[in-house]
Each structure stands twice: as structure tokens, then as C-alpha cells.
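K.L.:
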Amino acid sequence: MLTLTNQRGRSRWIRRLTTALLTVTVLAIAPAVARAESNGGVRVMPLGDSITEGTQVPGGYRIGLWQRLAAGRYTIDFVGSQYNGPGNLGDHDHEGHPGWRIDQIDANINGWLRNSTPRTVLLHIGTNDVLQNYNVSGAPQRLSTLIDHITAAAPNADVFVATIIPLSNSGQEAAARNFNSAIPGIVQSKVNSGKHVHLVDMHSKLTTGDLIDGIHPTANGYDKMAAAWYAALQSVPGSIGQGPGTSPSPSPSPSPSPSASPSASPPPGGAGCSATYAIAGQWDGGFQATVTVTAGSSAISSWSVGWQFGNGQTVTQSWNTEISAGGAQVTARNVGYNGALGAGASTQFGFLGTWNGANGVPTLTCTAG
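Numbers given in my numbering equal positions in the sequence shown, counted from 1, plus 1021.
Printed below as a string of C-alpha cells:
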């Protein structure tokens, strides 16, 4: 028979156990916090709704944009509180919020800008205002106010404002076109006020045939968006750094200069291949490298590139390739879309890595199939 003291002790034990179980449950169901992937590059914030997040095609336009930036040897750091996308997207951070309208983005923008401090903002927003029929006539003014808040919080940032992409529903498409028609004037008014705001005509780059569900793009549609963003960024000096082959933003502390001479595998003969390695940029503890694979005098159907790091470097992320590593030995193989190369044709892949003390350029070996 339990005494009063034992009963009280047992009750306290049950309460503690219940609290512990509830804590574990909360931890188990809490959403994962976005983990920042900073590589020291120019900070670019993809900002918007599900089309920025990449609904239907996780990563969305950010995949093609990242690959173009990497191929162009720009060192870019996508920033934002959200995180998603496939392995061939080198940086998964973004500020895309599915279902959100302009006013909802505006209500949070100051905090996001304060936390991420972007150098460049890519804004595609307004689709949900149309889809939800949320005071659509007031949407242009809400967009103008949002841009004002962005430029006030980040006065030195370049802000690229896109017209929203087409919608399959004819009524909604008419509303989207009406909304889009106001955007050039909004952007021009900001430019006239001395703001770093730029128009991107995204609507004309896609058709309803590029939509997978009448709202969100297919993979090819998202890639068309990526091409439009990339062209716009290249047209504004400084928005993505100082250009190919340079480090676009200063490192937190001085770092050794990248090797001036990229390494290369021997020139191929017949159905062979060669590969050259170049450091696109480096910063304290990290670097970005690109490898160019070139077919020999005959076409090839696949390739692999191997090398051995000599200074303890490691690969942390890659794109346009599948990388396997064992200690210092690294092997990079083609992915499905870039293995077949015509005679003399080239393709490029890249990766982010870590280094400590030295970052020597390894010697590459290229094997063709």
C-alpha cells in the first residue's frame, strides 16, 4: 500500500516523465531550421512565393541559375531563411514562401534583410494575390511599398523586380497581365528616386505550355526563368561580383591567391578526354573550383575525372557531376545530361570545398567511355 509520501513522489516522477516525453515530441515534430550555406560570395536573396521555393520541381529556377553562375565562375552565396533543393543545386538557401502574397512578404522583409544582408535581391511576387483574388487592384501599390521597404533596409542592394509568369486560367491570366502592366512604371519611379531597382520581363519568357499545373513551371520552364535572371544579373555590374575568374567579394581575412595556372590532364588522343581545374574563388576555410572536361578527336559517351588532394582539402557540395571521395582521392563522374560530348566539345562541373593552410591545384586524370 502506497503511503502519502510515496504517492507524492510517484506523482512527481510521472509529471517529470510526461514533461520529458512532451519535450521529445515537440523536438521531433518541429520543422527543421534552415542551415546557411555561406561560401563567402556575393549574397543573393531569391525572394517570393512557391515559384521561388520551387514547388513541383524542388529548387525551381535556382538550380539553373546556380549552374549558370558556377559555369561563369561567379562566386555567389544564396541567402534566406528557407532551405531546399536537389544535390546539383550548390546552395539551397532562399526566401521563397509557398502561398504567400505581397503583404505577407512585406510584413517579414525587414527581419529577413537584417538577418541575411543581401547584396542583390531577386523578387518575383504577386501570383498569390491574383490566385486568391486578394484586392488585386491594390496589388501594384503593395508591390511599390514592398520595394520601398527593401530599398530602405538595404539601400546599397540591387533589387531585380520580375513581372509574374503566365497563368493557365484565362481570367487569372488577364489579372496577371494587368498587374504586370503597372510594374515598369513602378520600377522607373524607383530609378528616378535614385534607387538600385531593375525590371526583369519574366512573363514574356514563358508560355502556359511551360506550366506543369497551370501555375508552377516545369523543369524547362524554371530553367527559362533561370536564364532570364542570369541575363539580368549580368547586365548590372557588381550585382553578382566583379566578373568571371575574380573573387567578387572580399574575404573575411586575407587568403592565399588562387593558383594562376590551372592543372590539366594530358591532351587526349582518339576517344579520350582532358580536364582542367581552376579555383574560381576562395575565402577563409573554403573555396569554389570548376573543372572543364573536353573530348578528344572523337566523340565520347561518358567521362570520369580523378585527382588526389595534396593539402587536406575536402569537397562539400558539387553540381553537374556525381562526386565520390575516399580520403584525399576524389572521382567525379558525368551525370545523365552531360556525359555525351562531340569531338572537341566541352562541359563544366564545379564544387565547393574546404581547405586549411594551403589550397594547391591537383593533377587531373580524365577517362572517357
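C-beta atoms are modelled at their ideal positions from N, C-alpha and C, and glycine is treated no differently.
Mind reading off the beta-carbon distance from T1337 to T1311? Whole number of angstroms is fine, and I expect it under 8 Å.
P.N.:
At roughly 15 Å, the Cβ-Cβ gap does not stay under 8 Å, so T1337 and T1311 are not in contact.
K.L.:
Figure out for me which residue from I1236, N1241, S1214 and L1254 has the closest Cα to the Cα of D1222.
P.N.:
L1254
K.L.:
DSSP on Q1193, reduced to helix/strand/coil?
P.N.:
helix
K.L.:
Can you tell me whether F1370 is helix, strand or coil according to DSSP?
P.N.:
strand
K.L.:
Is it the case that the Cβ atoms of G1075 and N1109 are separated by a distance below 8 Å?
P.N.:
no
K.L.:
Taking DSSP as the reference, what is the three-state secondary structure of P1119?
P.N.:
coil
K.L.:
Hey, how far is the Cα of H1170 from the Cα of V1382?
P.N.:
45 Å
K.L.:
Where are the alpha helix (DSSP H) runs, 4 residues long or more, that stay fully inside the region 1122-1152, in chain order?
P.N.:
For the alpha helix (DSSP H) assignment, the uninterrupted runs of no fewer than 4 residues enclosed by the region 1122-1152 are, from N- to C-terminal side, 1123-1137 and 1148-1152.
K.L.:
Grab the span of the beta strand (DSSP E) containing L1220 for me, first residue to last.
P.N.:
V1218 to V1221
K.L.:
For the candidate residues A1203, S1137, S1325 and G1331, whose alpha-carbon lies nearest to that of T1342?
P.N.:
Each of A1203, S1137, S1325 and G1331 was checked against the Cα of T1342, and the nearest Cα belongs to S1325.
K.L.:
Can you tell me whether Q1077 is helix, strand or coil according to DSSP?
P.N.:
In this structure, Q1077 counts as coil in the three-state DSSP scheme.
K.L.:
Could you give the DSSP three-state label for D1234: helix, strand or coil?
P.N.:
Here D1234 sits in coil by DSSP.
K.L.:
What does a CB cutoff of less than 8 Å around A1248 pick up in its chain, not counting 5 residues either side in sequence?
P.N.:
G1085, R1089 and K1226
K.L.:
May I ask which residues mark the beginning and end of the alpha helix (DSSP H) holding D1169?
P.N.:
Following the DSSP letters along the chain, one finds D1169 inside the alpha helix (DSSP H) bounded by residues A1160 to A1174.
K.L.:
With a CB to CB cut of under 8 Å and the five nearest residues on each side skipped, what residues in its chain are close to P1238?
P.N.:
Cβ within range, chain order: I1072, Q1077, V1078, G1081, Y1082, I1186, L1227, D1231, L1232, K1245 and M1246.
K.L.:
Would you say S1260 touches the ligand PLP, meaning its beta carbon is less than 7 Å from a heavy atom?
P.N.:
The ligand content of the structure shown is nil, which means the ligand PLP is not present either.
K.L.:
With DSSP as the reference, please indicate the residues paired to Y1358 in a beta bridge.
P.N.:
None, per the DSSP bridge assignment.
K.L.:
Apply the 10 Å Cβ neighbour rule to A1178 and answer buried if 16 or more other Cβ atoms are within range, or exposed otherwise.
P.N.:
buried
K.L.:
Go to R1064, then tell me how far its beta strand (DSSP E) extends in each direction, as first and last residue.
P.N.:
V1063 to G1069
K.L.:
Give the range of the alpha helix (DSSP H) segment to which A1248 is assigned.
P.N.:
A1240 to Q1255
K.L.:
For Q1338, which of helix, strand or coil comes out of DSSP?
P.N.:
If DSSP states are grouped into helix, strand and coil, Q1338 belongs with the strands.
K.L.:
What would DSSP say about V1392, mapped onto helix, strand or coil?
P.N.:
For the chain, the structure presents residues 1022 to 1390; residue 1392 sits outside this window and is missing.
K.L.:
Quick check on S1202: does DSSP put it in helix, strand or coil?
P.N.:
helix
K.L.:
Take D1124 and list the residues in its own chain whose beta-carbon comes closer than 7 Å to its own, dropping the five residues that flank it on each side.
P.N.:
R1163
K.L.:
In this structure, how does DSSP classify A1091 when only helix, strand and coil are distinguished?
P.N.:
helix
K.L.:
Who are the near neighbours of Y1345 in its chain, counting only those whose CB is closer than 6 Å to its CB and skipping five residues on each side?
P.N.:
Sequence inspection shows Ser at residue 1345; the Tyr mentioned does not correspond to that position. Taken in chain order, the residues that qualify are T1352.
K.L.:
Since T1228 sits in a beta bridge, which residues does DSSP pair it with?
P.N.:
Residue pairing by DSSP places T1228 opposite no residue, since no beta bridge is assigned to it.
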